[in-house]
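For reference, the structure discussed in these notes is given below.
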Amino acid sequence: MWWLMTRWTRSQYTAISQNSLLTEDDPEIGDALKEGREREVRRKWQIKPAMKCNFSGVLILVAGAALLIALTIQCTIWYLLSRGMPGLRPTEFSPLYRLFNNIHYEIATIRTGHLATADAPDHIYRQPQSVEVHDAWVNLTDTAIFPITRNEVIRLGKDPDYAVKAPEEWGWPKDSYLASLEVFHHLHCLDVLRRNLLHHYHVYWGVRFGFSPNLVWTWHLTHCLDILRQHLMCNADTAMFIYSYVEGQTEPQGDFTVQKKCINFDQIHEWNYKKRQDNLLHSHEPPWRSRVAPIKELPPAPGVPRITNETVYVDYGDGLSVPTGVIPGLEGKEYCLGEIGEYT
285 MWWLMTRWTR
295 SQYTAISQNS
305 LLTEDDPEIG
315 DALKEGRERE
325 VRRKWQIKPA
335 MKCNFSGVLI
345 LVAGAALLIA
355 LTIQCTIWYL
365 LSRGMPGLRP
375 TEFSPLYRLF
385 NNIHYEIATI
395 RTGHLATADA
405 PDHIYRQPQS
415 VEVHDAWVNL
425 TDTAIFPITR
435 NEVIRLGKDP
445 DYAVKAPEEW
455 GWPKDSYLAS
465 LEVFHHLHCL
475 DVLRRNLLHH
485 YHVYWGVRFG
495 FSPNLVWTWH
505 LTHCLDILRQ
515 HLMCNADTAM
525 FIYSYVEGQT
535 EPQGDFTVQK
545 KCINFDQIHE
555 WNYKKRQDNL
565 LHSHEPPWRS
575 RVAPIKELPP
585 APGVPRITNE
595 TVYVDYGDGL
605 SVPTGVIPGL
615 EGKEYCLGEI
625 GEYT
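See below:
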């Protein structure tokens with residue numbers, strides 16, 4: 285830092301001994317007295333600034349500022365992680381970041397097409413049931429078991445005494461415990477749902493459609509199932525569960541009771557309900573399209589029959605409706621049981 289150093293100086297006077305102080309007629313004395321009077325006229329404080337560079341001060345100041353910034357950032361991170369704040373996505377402890385220290389994130393597109401298209405990399409999950417579809421789901425949900433340490437079991441909120449240890453003959457590190465990723469458990473549950481979609485089918489749709497749902501409703505179910513799959517994979521849960529022995533069971537069982545930091549869903553639900561009440565949108569009241577500003581239209585997905593303004597809907601309440609009119613692309617095909625004009 286540059287420091288402004290001010291130097292104060294005074295006028296200097298020549299001392300004259302009393303023995304020499306006789307008269308101004310004396311040349312020496314006259315000159316001395318004359319010079320003294322001139323100095324006395326100018327007698328005042330004079331300021332002479334001087335600039336000096338204090339490099340030690342610069343280094344100390346920079347180091348102090350850097351330390352203060354680092355401490356501020358560290359304290360802020362600690363506060364946010366310990367207390368949390370609105371909008372901050374919390375994360376729970378997971379040994380995955382030790383086992384797999386090069387996790388990448390990327391922007392993914394959640395596709396909403398109702399039918400499978402060959403150009404989609406995961407189109408197999410939107411195809412009708414077949415051996416290939418079954419094998420794809422088995423491959424997707426196959427859960428791996430890997431070792432975690434005793435301390436990691438404790439940090440997961442579990443008692444190591446109830447966690448299954450890996451056999452020594454497996455060659456894993458000493459005191460290793462069995463663990464798996466939650467995301468594959470979630471996908472497994474989704475596959476169970478996929479395999480049992482007819483569990484309550486007769487309660488809702490069996491009366492109208494028998495045991496063969498119409499094609500449009502099948503598309504709807506496939507769409508919902510695949511959207512869930514994509515979101516579960518996009519937001520893969522990196523929490524872990526352990527394995528324990530249960531009384532009366534001979535095989536280790538997964539302990540799916542895990543500790544997680546969760547968003548306050550009640551707040552989200554209340555907010556959503558309030559928005560619904562504040563912004564009631566009666567989209568089924570004609571003419572709906574005439575009440576919105578003109579916008580560009582997307583072309584229909586390849587191979588997907590279009591649902592147009594000529595399509596007639598049957599409203600079953602609770603936001604569920606099934607088209608019963610003739611859908612372009614499906615002329616002559618039985619896509620809905622019963623008489624087409626029954627509900628028109």
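Under the numbering used here, the final residue of the sequence shown carries the number 628; numbering is consecutive throughout. Backbone N, C-alpha and C fix where the C-beta goes; we use that ideal spot for every residue, glycine too. None of the values given here were measured: they were computed from a predicted structure.
Residue 377: not part of any beta strand (DSSP E); DSSP gives it neither H nor E. Looking at the backbone, the Cα of residue 529 and that of residue 460 are separated by about 16 Å. Looking only at 423, 543, 467, 545, the smallest Cα-Cα distance to residue 516 is reached by 467. When DSSP reads this structure, residue 527 sits in a beta bridge with 538. In this structure, DSSP gives residue 558 a helical state, which the three-state scheme calls helix. The residue from 544, 559, 527 with its alpha-carbon nearest to that of residue 444 is 527. By the CB criterion at 8 Å, residue 430 and residue 505 fall outside the cutoff. Taking the CA atoms as reference points, residue 521 sits about 11 Å from residue 464. If the five residues before and after residue 356 are omitted, its C-beta is found closer than 6 Å to no C-beta atom of its own chain. Looking at the DSSP output, residue 430 sits in a beta bridge with 463.
The C-alpha of residue 502 lies about 28 Å from the C-alpha of residue 560.
Note on geometry: alpha-carbon atoms of residue 440 and residue 543 lie some 7 Å from one another.
Residue 410 and residue 435 have their C-alpha atoms spaced approximately 42 Å apart.
Residue 510 is positioned such that its CB atom lies no closer than 8 Å to that of residue 525.
Between residue 472 and residue 433, the CB-CB gap reaches or exceeds 8 Å. The beta-carbon distance between residue 408 and residue 420, rounded to whole angstroms, is 5 Å. This is short enough to meet the 8 Å contact definition. Less than 8 Å divides the Cβ of residue 474 from the Cβ of residue 512. In this structure, the CA atom of residue 534 is about 20 Å from the CA atom of residue 541. With fewer than 16 other Cβ atoms from the protein chains shown falling within 10 Å of its own Cβ, residue 418 counts as exposed. Beta-bridge annotation (DSSP): residue 545 is not paired with any residue.
Residue 340 has its alpha-carbon roughly 46 Å from the corresponding atom of residue 378. The residue among 470, 536, 557, 552 with its C-alpha nearest the C-alpha of residue 519 is 470. Of the residues 478, 350, 457, 352, the one whose Cα lies closest to the Cα of residue 425 is 478. Checking the DSSP bridge columns, you'll see residue 458 has no partner listed.
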